[in-house]
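Asks: If you're matching positions, the sequence shown starts at 2 in the numbering used here and goes up one per residue.
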Amino acid sequence: MKLPESQVAVLNAASATDEQTVGDLADETGLKPETVTQAAFELREEGYVAVEERTDVDYELTEEGREYVEDGLPEVRLYRAAVEAGAADSAAPMGQVIGASGLGGPAVDIALANFGRKGYGDIDSGELSADGDADAGEDPESTVLAALADGQSVDDADEATLEQLVSRNLVDRREETVRSVTLTDEGVTLLMEGVETAETVDRLTPEMLASGEWEDVEFTEYNVEADAPETRGGKTHILRQTADRVKDVLVGMGFQEMQGPHADADFWINDCLFMPQDHPARTHWDRFALDVPPIEDLPEDLVERVEDAHRKGVGRDGDGYHSPWSEDFARAIALRGHTTSLSMRYLSGHEVGELEPPQRYFSVEKVYRNDTLDPTHLLEFYQIEGWVMADDLSVRDLMGTFEEFYAQFGITDIQFKPHYNPYTEPSFELFGRHPETGELIEIGNSGMFRDEVLEPLGVDCDVMAWGLALERLLMLMYGFDDIRDVHGTMSDIELLRETEVLR
Ligand SMILES: N[C@@H](Cc1ccccc1)C(=O)O
């Protein structure tokens, strides 16, 4: 029997009675572990060896973990300082105990949080009391850290303690697949009958082609299923990939892209949209105002018409807000809370000149809001802005456009809910169903611009418009349930690496 060289080497090195890991076999044969793995898989295919897999878990101290091995866990240091300060008998001022513990910077918060969690004592209105019966000398987390520093096995350590150390980022947990190989009966028989090395060639060279040798050689078979070491190149972030795809889809639907400033005048962000200047969204609670000089180049006549619309309304029966309107307020700069500022810039003719219907424009750009962070809200997100200008548009056109758009991403059950925006009438919120949780999540907001918006802009046909959240589209497409895993400082790198891109 003739077999390729690496298979022969593995067969000879393997044993019928003792399991050998790929690492052992690599040492013994002098082959690379991935070559051994490949040969073992090929031999298994023919029934000559058995390959067992198991997952080994390995724990290792992080840099922070190593520091605490030296200095002690912050909560243990705090506890010791507290006992020293007599806090086991009567509560001591927190500042004094912290000072005595020598803790500083972020270690103070870490100490306080874990002090409470471990029941070392209580903190109440700036006073700290210690539980005299707590035994900080027997702290299980310290024990595991010390064992790891000592190179001892932590196989018997309490699972919850290890989890806690991993979540505190003091210990890294690594999983490794270990494969071991044993000869089967067929393998033993084969060895007894004798195997020879076949001259196999694993790549074609120009020389072989020139000499004609390629006609006689035997080529190694490739096992495309063998595990190979993972290589991780750079890749486009999934959010960016989806943004690019959204752009392609919209361009395919006949839209042109808008561009414009992230930091813009309130005039474009709000006033043009008939948002009263005393609207809650315009306070510092909701928007990020910037301490920079106001905008200079606003079209004077447009400013006048917008002010008029706010004061007196538009049309025969129009009524304004009867609330204060100040040009200085309109000129102040903030980070845009929506990209409808771009729609205003384009519809007014300020960017690409007067536009004649029909027109379609879009942008996929960042917006900024002072929201509370939670699984569906970030301080910044991407908005898919768009509008269509034409002579006769109806709500059916608006809904049809969304259905066409979302269908391209495999989302076919969009729901609409009547809504209110100061700048559109009628207005609709859009909802989609989360593929994992089944919950309806809001994915966008839309409507037909009111005359109070369009008339000052000088537009005398219909305009339907929307702002959709790119991150929410991603949640519907991929089933993510916490947007913070995908984007921002807490994102989950493994998830981003492993998510396959949907096309
Ligand atoms: N600006 C709206 C979206 C929208 C744009 C245009 C028209 C109607 C709604 C938002 O951010 O929610």
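A virtual CB, placed ideally from N, CA and C, is assigned to each residue, including glycine.
#1: Does the distance from the C-beta atom of residue 136 to that of residue 129 stay below 9 Å?
#2: Grab me the residues of residue 155's own chain with a C-beta within less than 8 Å of its C-beta, minus the 5 sequence neighbours each way, in chain order.
#3: Measuring CA to CA, which of 54, 410, 481, 399 is closest to residue 450?
#4: Short of 8 Å in beta carbon distance, which residues of its chain neighbour residue 424, apart from the five on each side in sequence? Order them along the chain.
#5: Locate the beta strand (DSSP E) running through residue 362, then write down its first and last residues.
#6: Does the structure place the segment 197–205 close enough to the segment 179–188 that three or more beta carbon pairs sit under 8 Å?
#7: Hey, is the segment 463–471 in contact with the segment 434–446, meaning 3+ C-beta pairs nearer than 8 Å?
#8: Looking only at C-alpha atoms, which of 19, 110, 69 sits nearest to residue 50?
#9: Taking only three categories from DSSP, how would you classify residue 88?
#10: Identify the residues that DSSP records as bridge partners of residue 387: which are they?
#11: Counting only runs that start and end within the segment 157–199, where is the beta strand (DSSP E) found for 3 or more residues in a row?
#12: Determine the contact status of residue 390 and residue 348, defining contact as a CB-CB distance below 9 Å.
#13: Is any heavy atom in ligand 1 found nearer than 8 Å to the beta carbon of residue 466?
#14: Distance, Cα to Cα, residue 1 vs residue 231?
#15: Please report the distance separating the alpha-carbon of residue 350 from that of residue 295.
#16: Can you give me the start and stop residues for the beta strand (DSSP E) that residue 253 sits inside?
#17: Tell me which same chain residues have a C-beta within less than 8 Å of the C-beta of residue 247, skipping the five on either side of it?
#18: Please check the pair residue 333 and residue 290, which I expect to be a contact at CB under 8 Å, by giving their CB distance rounded to whole angstroms.
#19: Our contact map puts residue 1 next to residue 498 with C-beta atoms below 8 Å; I'd like the distance itself, whole angstroms only.
#20: If you measure from the CB of residue 447, is any heavy atom of ligand 1 nearer than 8 Å?
#21: Roughly how many whole angstroms lie between the Cα atoms of residue 265 and residue 422?
#22: Can you give me the start and stop residues for the alpha helix (DSSP H) that residue 313 sits inside?
Replies: Taking the structure as given:
#1: no
#2: 60, 145, 148, 149, 163
#3: 399
#4: 274, 275, 276, 341, 448, 450, 451, 453, 454
#5: 360–369
#6: no
#7: yes
#8: 19
#9: coil
#10: 363, 467
#11: 172–184, 197–199
#12: yes
#13: yes
#14: Since the first residue shown for the chain is 2 and the last is 504, residue 1 is missing from the structure and cannot be characterised.
#15: 21 Å
#16: Not the beta strand (DSSP E): residue 253 falls in the alpha helix (DSSP H), residues 239–253.
#17: 365, 385, 471, 474
#18: 7 Å
#19: The question about residue 1 has no answer here: the residues shown for the chain are numbered 2 through 504.
#20: yes
#21: 21 Å
#22: 301–313
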